Each structure stands twice: as structure tokens, then as C-alpha cells.
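Line by line, the protein sequences are chains A and B.
Under the working numbering, the first residue of the first sequence carries the number 375, and numbering increases by one thereafter.
Under the working numbering, the first residue of the second sequence carries the number 16, and numbering increases by one thereafter.
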Amino acid sequence: MLWRVQLQMFINQTVRSRQAGRIVGTIAGAAVILFAWAWEGIITWVGVLASHRVPVRIDTVHLLSVAFLAYTGVLVFSSLVFSLNALLLNPDLDMLLAAPRSVESVLASRMVVQVLRLFLLSLLFTGPALVVLAIANHNLLIPLAFATLFLLYPIFVVVIISLVSLLLVRVIPVGRGREILTLFGVGLAIAINLANFLLNPALRDPGFARRPGTALSLPDIPAASSAWFPSGWAGRSGSAVLAGDWQTAGRWILLLLATSAVVFAAGSVLSGRLYMAGWIQAVPPRRRHATPRVRRLKAAVPLLSPVLAAIVIKDWRMRTRDLAQLVRFIMPVVFLFVIFGLRFPRLLAAVQSLGDGPPAAVIGLIPAWILLFSLSISLGLSAVSLEGKNFWVYAASPNTTLRFLQAKCWSAALPTATVVAVAAVAAEILIRPGLLWAVTAVVLAIAQAAAVTILMVGIGAVFARFDWTDARRMMHPVGIFIGMGLFSIVSAASALLLVISIALAAATRFPLFTTWLAAMTISVGGAIAVAALSILFGNQRLRGLEVG
Amino acid sequence: MLSTRLLTKRYGSLTAVEDLDLEVGAGELFGFLGPNGAGKTTTIKMLVGLLRPTSGSARVAGIDITAEPEKAKALIGYVPDAATLYDKLSAREFLEFSGDLYHVERRLRDRRIAALLKLFDLQERGDDFLSGYSRGMRQKVSLAAALLHDPQVLFLDEPTVGLDPQSARQMKDILQDFCREGKTVFFSTHILEIAERMCTRLAIINHGRLVAIGSLQELRHMVGQDRQSLEQIFLELTGSREDDVSAVLRGLES
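Written out as C-alpha cells, the structure is:
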């Protein structure tokens, strides 16, 4: 019943929406899926052909067990998000529990919906590969067997996580569920990155000790293929299916089925008991106060008019007080540390070996450029949409939309340019490409950061969303796509101009600094021109907007 | 103070408001009534410049809201129904923000904020985040923000929804005081009792069209019953459905 309602909602929001944009979006989404499926099928087919020509000995039990263990991580994350969402954020739980049905059946049906959703997602990602494997192995039951595994495997995770969620809501204050989920997501993303760095053979130090006999190309996780864990059962049955050993496959699938059935039955009853015992009642909200830091904030924007300053300060407060918003700001910095920090000494030595001059100075800007990519998209594209349903406050005030956009440009460009400047200065100090080159590179980085962020604000205004309730849906996918595309064009143009300036200096014997400065000025000027254009388009869209 | 001429709003084939002609004078407390979906909120949103009329015009203190929106909005205070406010700001910070948007000089703004927080009994909770406020408290903050820049015309969309009886009473007193200063209040409500007791004049809108306008006495004359309540007048002008309701309820029982 719940599944049917979800399907109806999906159809109503897409094909039945009667909105051209949504219908086009649905068709485009379906086309992208078909395209990805075709690619997946082709790559699998190529892989199968290659394995026929050059036989490779792979421990499929270990490989599939590791894959299912990694999938367990995905299941834990998505199930926790789904369960906490269902308990804390979705408004329909009270309605369902008020219906004349047992609490156990309502909570169990939630678990079934989650299992079905994960099952479909698994098929979505692996379906074409399984079909190709079935054709290549002349064994048409392969997709069916794996589908059974995909249906059974998530059950124990979903049940355990649902129970854990019922316990967790006991300690999560009402109204902070979204923030806790965000924090959890960040923690998990960092953990996955670190785990990848530590376990992925491609990234690991060659001197890292392995157990003897383990394949060099596979992560060495001993428990993954243990016969005591579900990942080991699924790995063994999957491996047996591929080998055509149906008896072994059936035995392990049966074990998974029996365990899942017991866990599901016990979990349903236990979740009902936990609910009835009052575990659902979340912690009452704590009164949260605003810390008076007005003077400090006002001192930070002394040159702006009161209206602009008011919006900049308000945005800063909104972004720093809302964990979900704050994460958008902090995440890129953390990930940059994870990506570069762990490989820092080797990278620094490589760049320093280039000596003085623009190549070293510009390569030193790469971390700042990655930060700019992330921050300009997260802060710039979302700057206008950040208002959400509160946009009426500004729309009813005696100010023009251009002034509003001006404020948004300041609000997004100030923190972005500051962070980019700090990263650029730090990198140039470490690399030491020569004072003149370093100072010029930093100034250009700051100018480019401001221009690119303003460009994103303009695109964000064109594709602004004001009806979001979840910060994750604040930005329009088309806006993100265009923003990323334009960022790539600006990056490619800057790189090309750098190469042209070096070549020109070599060919004409002009001083390299002159040609480089000219090239970078053209690059920044181009970005500013595109940014101005995007602001004009954005303003046009906001002027035509009706706050209904 | 406020006038509309043939004000119309269409969404495709749906006409939300049609040829609305209104004249509201200074010092009037004007009630705008109508059933759900009659076009009240659409009208108010056109009058405060949030929606553009499909045709016709609206003037506030002689200024055309479509031609000179910024100039007109400076004279307007607006309280929407179920006002969404910035959750991560405190009431004081929201009022400061609002004051800056309306170009209120900083010292004057701070003085008025202190007075308004006191008036609405929000002093103690003034530094709490708005996310922790009840609907009624948000409504008060919203009204305080609308009054902060000392507007000439105040538009309120269902202002008493969510307010406790004391707060509703307090709001009525504030609005009446506001009108005594020669300023205008234009508000929509479903609570006819409030409209009956407070308003100097009333307008009733149904299916986007104005069906009646005048003082309570004038509306009584219009329906030909001198002692009828506003509720009876309203039901008569907008079409009573009491018989239909009884028939449906009987159908459910069988």
C-alpha cells in the first residue's frame, strides 16, 4: 500500500505533472539512464571478451564478498537516512499510526518499502551487467539469482538500522534531525575516503604489509568473505551462480533467506514494542539563542549600504548557524585536506622541481581552484535559492531585484574569495615560485574567484528555487549542470591562455611576465564579462518572478 | 489611500480576481471577506506588489504599485498568512534585517524594535531563534516587522490565525490604534465576528468578483434584512450550502 502511494506520487510529480519542464526532465533522466545502461553493458561485454582472451584468475568469492561488504556501507547510510527521515521529518507517520492497523505492521511496511527501494536501485545499477554476464555465460538464471540476493541481502541491515533509529530518536532533539543526518553523512563520506585511502591497493603505499596469498588487486579485508557474515554468504552464493554451481548457490541463498526472515519477523515485533514503550518520543527542542556578535559582523562589511550589509550578514548567519549549510562551506576544505594532505610531501616536491615562473605559480593555485569550484557552486549557485519561502520578505520590501542580486554577489563572493586567497597564499608560500609570480598569481586567483562566484550567483538566480523544504534540493540540477560546464570552460580557457602566453614569450622574446599577465587579464576579464551577463539574465528572471 | 481599478489576475484559463474596483480611505479598518479560494490572498498579493495584475491598476497613497513598486512598497506593511520567517535568526535579528530593508535609520530602528518586542510580549524570547517560535509568536514577529517602518497602509492576510484570545485581542487594539493615527488597515479574515466588531467597512469577494462593499449597515440594506449578522449576510451573498452539507452527512451514515 505504501509502495503504491510512493509510485503514485512519483508519477504525479513527473509524467502527470502537466509541467513541460518536469516531463522533459523525466524524459532526459530516462535517456541518461538508458545511455548509462548501454555503456555498462558495453564495458561488461568488453571485459568478458578480454577475460576470454587473457584468462585472469580472480578470487570471485573474495571479490563479491568485498563488493557486498562495501554495499553494506551504502545500505547502512541510506537506511539510516530513510529511517530517521521517516521518524523525524516525514509528516505521514502520525497519519499511518492513527490508522486502525497495528504499530508493528506500519513499521514493518516501512521496512518493506525501504528494502524494495534498495532492491530496485541495485537492479538499476547492475542490471545491464548481469544481463550481459547471463548472455556471455549462456546462463539466463544469473540475473534472477542476483536479483534474489539483492532482495534478501538488505533485509538484515534495514531491520537493524530501523531499530537503531528508533533508539536514536530518543536522543536527537526535535527539529535537529536534518542537521544530525547531514553530520552523519559528512562523517561517513570522510570515513569512506579514508578507508579508500587505507584499503584501496591503487592508493596504498607499496610497503604496506598484506596477508600472504591475497590478490594484489583486491582490498585486503579478512572479515569480508568470512562464512560467519552475510557478505560472505552473498559472496559465496554469487560466485557459485557465476560458476553454474546451483547447489552451493542455493544453500547460501537459503541461509540468507532464513536469517533475513527471522531478523525481519523479530525486528518487526521488537520495533513495535520499542515504539509502544515510548522510544519514539524524541527529545524536546532546546531553546537556542542567537549570540550577539553584531558589532563584529558589521565591522566586517563597513563599506556596504545598509540593505546590502543586512543581506550579507543575514546570509552569513543562516549559513553558519545551519549545520546543513555550514557543511557546504566546510566540506570542500576537509576533502581538499583528505585529497592533498595525505599525499602532500610528494606533490610539493614535484611542483618545486619546476623552479621559478608561472607554471609553478599556477600549479600552486590548483588546490585553491578546486576550492573555488566547490565553494562557487555550493555558495554561489545557492545564494538566491537560500531565501526559499522567505523570499517574500525581500520581495515586499522597497528594493530592486538588482540590489538583491548585488547583495547576493557580496554574500557569496566574500567568503569564497577569502578562502581561495588563504589557500593560494599558503600554496605559494610553500612552493616559492618567485615573489612577483606568487603575488600576481594570488591577485589573479582572488579576482577569478570573485568573477566565477558572481557568475554562479547569476546562474543560481536564473534557476532559483524558492519552494524547497530540504536544503539538498535547493539547487536546480540544470543550474548545477550549466554552472559546472561554465566553470570547466573558464578553467580550460585559463589553462589555454597560460600555454599561449608561454609559447608567445618564447616565440617573440617578449618578457614572460608581460605575456602571462596579459593572458591572465584576458582570462579574468572574460570571466567578469560572462558573470555580468549571468547577473543580467538572473535579474531578468527575478523581475519576472511572482511570489504566489 | 488605496484604490484599485478593474484589477484582474488570471492564471491561464483560471480567473482568480476579475475587474476589482475598490476605494479605501485614510483611517479606515477595511475587512476583505470571502470563502476559500475566492481571491482574497491573490488580491492582497497584487496590492503589496508580490503578484503582477494581468490587467487593471492598484494605487497606494496615489502611487501605482506596478509602475513605481519600490516607492509604493516603502509605504506598505505586509503580514502574510502563515508567515514563513528565517528559522536561524532571532526575532530581534529578523526585525533588524527588516528595518534595514526598509531603510530605517539604525538608532531609530533599535528603539522601535525594543518597543515592539515589549508591545508583543516578546522581550524575553527576543534572542531565541525563530525556529523555536509557535505559529502565534511568528505572527506577532511578522506584525512587528510590518509596523517597524511606520507604514501608511497595513495589509494583513488572516492575521488572527494561530493567535490565542489575548493576543487576538491585543492585535485588534493595535490595529484600531493604527487607524486612529489616520493610517489604513486592509485585512482578510474568515472570522466574521472579528470583522463585524472591528471594521469600518467591508468587502465580500466570491469567485474573484466583488459581490458587496460598504459598512455593515449598508450590507444589511443590500440584502434587505436590517438585523442580520455578518455571518448571515456573508452566507447569503456567497451562497449557503447548509442543505448540501446535511445531505452529504446523511449519505455517509447510510
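Beta carbons are placed, not taken as given, at the ideal position from N, Cα and C, and that holds for glycine.
Owing to the predicted nature of the structure, the values given are computational and were not obtained by experimental measurement.
Spatial distance of residue i from residue j (CA atoms)
i: A:PRO807; j: A:LEU860; result: 29 angstroms
i: A:LEU616; j: A:HIS436; result: 13 angstroms
i: B:GLN243; j: B:VAL32; result: 28 angstroms
i: A:VAL725; j: B:VAL94; result: 59 angstroms
i: A:LEU504; j: A:SER642; result: 32 angstroms
i: B:GLU196; j: B:ILE189; result: 11 angstroms
i: B:ASP117; j: A:ALA877; result: According to the sequence provided, residue 117 of chain B is Tyr. The question's Asp does not apply to it. Going from the Cα of B:TYR117 to the Cα of A:ALA877 covers about 55 angstroms.
i: A:VAL420; j: A:ILE529; result: 33 angstroms
i: A:TRP626; j: A:ARG610; result: 7 angstroms
i: A:ARG378; j: A:MET485; result: 15 angstroms
i: A:PHE855; j: B:ILE80; result: 37 angstroms
i: B:LEU207; j: B:SER146; result: 31 angstroms
i: B:LEU132; j: B:GLY141; result: 7 angstroms
i: A:LEU490; j: A:ALA510; result: 28 angstroms
i: A:TRP784; j: A:ILE407; result: 39 angstroms
i: A:GLY729; j: A:ILE828; result: 34 angstroms
Cβ distance (whole Å) where residue i is taken to contact residue j below 8 angstroms
i: B:PRO84; j: B:GLY64; result: 5 angstroms
i: B:LEU169; j: B:GLY114; result: Contact flag wrong, Cβ pair sits at about 16 angstroms.
i: A:GLY754; j: A:VAL701; result: Actually they are not in contact, since the Cβ atoms of A:GLY754 and A:VAL701 sit about 16 angstroms apart, beyond 8 angstroms.
i: B:ILE220; j: B:ALA53; result: 5 angstroms
i: A:SER875; j: A:ALA903; result: The pair is not a contact, with the Cβ atoms about 19 angstroms apart (cut-off 8 angstroms).
i: B:PHE201; j: B:LEU17; result: 6 angstroms
i: B:LEU100; j: A:ARG691; result: The pair is not a contact, with the Cβ atoms about 13 angstroms apart (cut-off 8 angstroms).
i: A:VAL799; j: A:VAL816; result: 6 angstroms
i: B:ARG127; j: B:LEU158; result: In fact, because the Cβ distance is near 13 angstroms, the residues do not count as touching under 8 angstroms.
i: B:LEU137; j: B:VAL156; result: 7 angstroms
Outcome for residue i when other beta-carbon atoms lying within 10 angstroms are tallied against a minimum of 16
i: A:ALA895; result: Correcting the residue identity first, residue 895 of chain A is Thr in this sequence and not Ala. Exposed is the call here.
i: A:ASP696; result: buried
i: A:VAL532; result: buried
i: A:ILE833; result: buried
i: A:GLN382; result: exposed
i: A:ALA825; result: buried
i: B:GLN191; result: exposed
i: A:SER679; result: exposed
i: A:PHE911; result: exposed
i: B:GLN154; result: buried
Where the alpha helix (DSSP H) through residue i begins and ends
i: B:GLY46; result: First-last for B:GLY46: 44 to 48, but that is the beta strand (DSSP E), not the alpha helix (DSSP H).
i: B:SER203; result: Note, B:SER203: premise wrong, no alpha helix (DSSP H); beta strand (DSSP E) at 199 to 203.
i: A:SER875; result: 851 to 882
i: B:GLU211; result: 207 to 213
i: A:ARG777; result: 775 to 805
i: A:VAL923; result: There is no way to answer for residue 923 of chain A, as the model of chain A reaches only from 375 to 922.
i: A:LEU498; result: 477 to 510
i: A:HIS436; result: 434 to 458
i: B:LEU250; result: 245 to 253
i: A:LEU408; result: 394 to 427
As assigned by DSSP and simplified to three states, the class of residue i
i: A:PHE603; result: coil
i: A:ALA769; result: helix
i: B:LYS103; result: coil
i: B:ASP96; result: coil
i: A:ARG915; result: helix
i: B:LEU67; result: Per the sequence presented here, residue 67 of chain B reads as Arg, with Leu not at that position. It is coil, neither helix nor strand.
i: A:VAL545; result: coil
i: B:THR30; result: strand
i: B:ASP143; result: strand
i: B:LEU178; result: coil
i: A:ASP730; result: coil
i: A:ALA838; result: coil
i: B:GLU196; result: coil
i: B:ALA73; result: strand
i: B:ASP136; result: coil
i: A:LEU809; result: helix
i: B:ILE78; result: strand
i: A:VAL925; result: Absent from the structure is residue 925 of chain A, since the part of chain A shown begins at 375 and ends at 922.
i: A:LEU739; result: coil
Range covered by the beta strand (DSSP E) that runs through residue i
i: A:ALA632; result: Per DSSP, A:ALA632 belongs to no beta strand (DSSP E); it is in the alpha helix (DSSP H), 620 to 650.
i: B:PHE170; result: 168 to 172
i: B:LYS24; result: 17 to 26
i: B:ILE220; result: 216 to 221
i: B:ARG224; result: 224 to 229
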